[in-house]
Amino acid sequence: MASVPQARAGRVAIGGGDTAPVVSLRGAALSYGERTVWHGLDLDVRPGEFLAVLGPNGSGKTSLVRALLGRQPLSAGTLTVLGRSPREAARHIGYVPQQATLSATAMLRARDLVRFGIDGHRFGPRPRSGAVRRRVDEILEAVGASAYADVPLGLLSGGERQRVRIGQALATDPRILLCDEPLLSLDLNHQRAVTELIDARRHSHGTAVVFVTHEINPVLDLVDRVLYLAPGGHRVGTPEEVLTSASLSQLYGTQVDVVRVHGRVVVVGAPDEPIAPAPPHHPTHEASAAHDRDGVRP
Ligand SMILES: Nc1ncnc2c1ncn2[C@@H]1O[C@H](COP(=O)(O)OP(=O)(O)O)[C@@H](O)[C@H]1O
Ligand SMILES: [Mg+2]
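Under our numbering, the first residue of the sequence shown carries the number 828, and numbering increases by one thereafter.
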């Protein structure tokens, strides 16, 4: 089908193959007991690349993130991160987790969380060098969180907290940034702010971004390639290659229509998670394509 190339203002030119991949998967499979979540995955992620990981609930997006972090072993194939095992590379990865549980951190301040990013979770007496303090201030400034640096996280809005989490991830000076649904529960303005922060980092430092998202549209202009995970298989390619009716129909094994409306991608007919109302925190004006289907409402 004819697909209109999107404007790619933020796109980073990836060189002619002379840059070593920061993530390399070959014949990779991941299973929990008998259940194989994905298999036969071959993927190289280059420095500075923005890879969006898409797919319905349960398709193994978070499992992929856990594998990249060295927290979940593959059941087949190989995975190297920065040329090493994922565990050895873990300190070079910045991680913005899906729905971080707040209970443990509600009393901490933004400043504390960012400092943990720099010096790790050390709860004992710790040196508070001026250099560390200055670096924390710089990061808080960079993510626009200076104004609430000393407010307990439990009192911040979802968007404010997400800025702080990105600050924490950037504080490790990562070569790879893994973000698991970082836009969930954010309104449009905060979605834009968060994606701009992440995009700025890859431009300034060549940090590769692996960005798990249920909703491609907020990042469509930034994305170099998409990894689409589906129950029937997966596909890697540019958004124009992957987000087509033909490709998604094949992945889902049923007729799926991809239409582009005012530069947005809308997927119609993709069987997703069990039919249920969209989560209440999901911004309805950016409703996931997966929710754009009939029969959701009683
Ligand atoms: N620790 C685990 N043990 C067993 N099954 C798991 C575990 N973690 C995830 N799963 C299952 O693996 C599948 C993929 O989960 P997940 O990677 O969280 O998907 P996604 O992030 O795409 O929603 C789901 O069916 C989930 O129930
Ligand atoms: Mg997930």
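Every residue, glycine too, gets a C-beta built ideally from N, C-alpha and C.
Quick caveat: nothing in here was measured; it's all calculated off a predicted structure.
**Asked** Going by the CB atoms, is the gap between A998 and V941 shorter than 8 Å?
**Response** Here residue 941 refers to the residue found at position 114 when the sequence shown is read from its first residue. Here residue 998 refers to the residue found at position 171 when the sequence shown is read from its first residue. For the 8 Å CB-CB criterion, V941 and A998 form a contact.
**Prompt:** Can you tell me whether DSSP reads R838 as helix, strand or coil?
**Reply:** For the purposes of this step, residue 838 is taken as residue 11 along the sequence shown, with counting starting at 1. A caution first: R838 carries a pLDDT of 46, below 50, which makes its placement in the model unreliable, though a value can still be read off. Residue state, collapsed to three classes: coil.
**Request:** With DSSP as the reference, please indicate the residues paired to T1134 in a beta bridge.
**Result:** What the structure shows of the chain is the stretch from 828 to 1125, and residue 1134 is not part of that stretch, so it cannot be assessed.
**Any non-hydrogen atom of ligand 1 closer than 7 Å to T1046 Cβ** = Working through the sequence shown from its first residue, we reach residue 1046 at position 219. The question names Thr, but residue 1046 in the sequence shown is Val. No, the Cβ of V1046 stays beyond 7 Å of every heavy atom of ligand 1.
**Request:** Determine, using beta carbons only, whether V1085 comes closer than 8 Å to chain C.
**Result:** Protein chain content of the structure displayed is limited to a single chain, and chain C is not contained in it.
**Asked** What is the DSSP secondary structure of G887, reduced to helix, strand or coil?
**Response** In the sequence shown, residue 887 corresponds to position 60, counting from 1. Residue state, collapsed to three classes: coil.
**Prompt:** Quick one: Cα of I1043 to Cα of G897, how far?
**Reply:** Along the sequence shown, read from residue 1 onward, the residue named residue 1043 stands at position 216. Along the sequence shown, read from residue 1 onward, the residue named residue 897 stands at position 70. Rounded to the nearest angstrom, the two C-alpha atoms are 26 Å apart.
**Asked** Can you tell me where the beta strand (DSSP E) with Y975 in it begins and where it stops?
**Response** One-based indexing of the sequence shown puts residue 975 at position 148. Boundaries for Y975: no beta strand (DSSP E) harbours it, and the DSSP string shows neither H nor E there.
**Asked** So, is S1031 buried or exposed, given that buried needs 16 or more other C-beta atoms within 10 angstroms?
**Response** One-based indexing of the sequence shown puts residue 1031 at position 204. Classification for S1031: exposed.
**Counted within 10 angstroms of its Cβ, other Cβ atoms place P900 as buried (16 or more) or exposed** = Your numbering for residue 900 matches position 73 in the sequence shown. By the Cβ-count criterion, P900 is exposed, with fewer than 16 other Cβ atoms from all chains shown falling within 10 Å of its own Cβ.
**Request:** Using the Cα positions of R962 and L1004, report the straight-line distance between them to the nearest angstrom.
**Result:** The sequence position of residue 962 within the sequence shown is 135, counting from 1. The sequence position of residue 1004 within the sequence shown is 177, counting from 1. Near 19 Å, if we compare the C-alpha coordinates of L1004 and R962.
**Prompt:** Can you tell which of P1009, A996, S902, L881 has its C-alpha closest to the C-alpha of T1034?
**Reply:** Counted from its first residue, the sequence shown places residue 1034 at position 207. Among P1009, A996, S902, L881, the Cα nearest to that of T1034 belongs to A996.
**Request:** Could I get the ranges of all uninterrupted alpha helix (DSSP H) runs contained in the region 1025-1089, with 4 residues as the minimum, in chain order?
**Result:** Along the region 1025-1089, the alpha helix (DSSP H) occurs as fully enclosed runs of 4 or more residues at 1066-1069, 1072-1079, listed in sequence order.
**Message:** At a cut-off of 7 Å, would you count N884 as near ligand 1, judging by its Cβ distance to the nearest heavy atom?
**Reply:** Counting from one through the sequence shown, the residue named residue 884 turns up at place 57. At least one heavy atom of ligand 1 is nearer than 7 Å to the Cβ of N884, so yes.
**Request:** Count the other CB atoms, across all protein chains shown, that sit within 10 Å of the CB of R988; report buried if there are 16 or more and exposed otherwise.
**Result:** On the sequence shown, residue 988 is found 161 positions in, with the first residue counted as 1. Buried: at least 16 other Cβ atoms inside 10 Å.
**Item:** T932 beta carbon near ligand 1 (any heavy atom closer than 7 Å)
**Value:** Residue numbering aside, residue 932 sits at position 105 when the sequence shown is read from its first letter. Taking 7 Å as the cut-off, one finds no heavy atom of ligand 1 near enough to the beta carbon of T932.
**Alpha-carbon spacing of V1021 relative to G867, whole angstroms** = Along the sequence shown, read from residue 1 onward, the residue named residue 1021 stands at position 194. Along the sequence shown, read from residue 1 onward, the residue named residue 867 stands at position 40. A straight-line Cα-Cα distance of about 32 Å links V1021 and G867.
**Request:** Measure the alpha-carbon distance for G971 versus Q1082 and round it to whole angstroms.
**Result:** Residue mapping note: residue 971 aligns to position 144 of the sequence shown, counting from 1. Residue mapping note: residue 1082 aligns to position 255 of the sequence shown, counting from 1. Those two C-alpha atoms are separated by around 44 Å.
**Prompt:** Nearest to W865 by CA position, among V872, G854, D871, I920, is which residue?
**Reply:** Walking along the sequence shown from the start, residue 865 turns up at place 38. The residue among V872, G854, D871, I920 with its C-alpha nearest the C-alpha of W865 is G854.
**Prompt:** CB-CB under 6 Å to A903, same chain, minus the five flanking residues each way: which ones, in chain order?
**Reply:** Here residue 903 refers to the residue found at position 76 when the sequence shown is read from its first residue. Taking A903 as the centre and dropping the five residues before and after it, the same chain places the C-beta of A856 closer than 6 Å to its C-beta, in chain order.
**Request:** Could you tell me the distance, in whole angstroms, from the CA atom of G860 to the CA atom of D871?
**Result:** As a position in the sequence shown, residue 860 is number 33, starting the count at 1. As a position in the sequence shown, residue 871 is number 44, starting the count at 1. Roughly 27 Å between the two C-alpha positions.
**Prompt:** Does the beta carbon of S890 fall short of 7 Å from some heavy atom of ligand 1?
**Reply:** Stepping through the sequence shown from its first residue, residue 890 is reached at position 63. Result yes, Cβ under 7 Å from ligand 1.
**Message:** Looking at R1002: is its Cβ nearer than 8 Å to the Cβ of V892?
**Reply:** Translated into positions along the sequence shown, residue 1002 becomes position 175. Translated into positions along the sequence shown, residue 892 becomes position 65. No, they are not a contact pair.
**Message:** Looking at P1058: is its Cβ nearer than 8 Å to the Cβ of S886?
**Reply:** Residue 1058 sits at position 231 when you count from the first residue of the sequence shown. Residue 886 sits at position 59 when you count from the first residue of the sequence shown. Between P1058 and S886, the gap from beta carbon to beta carbon is short of 8 Å.
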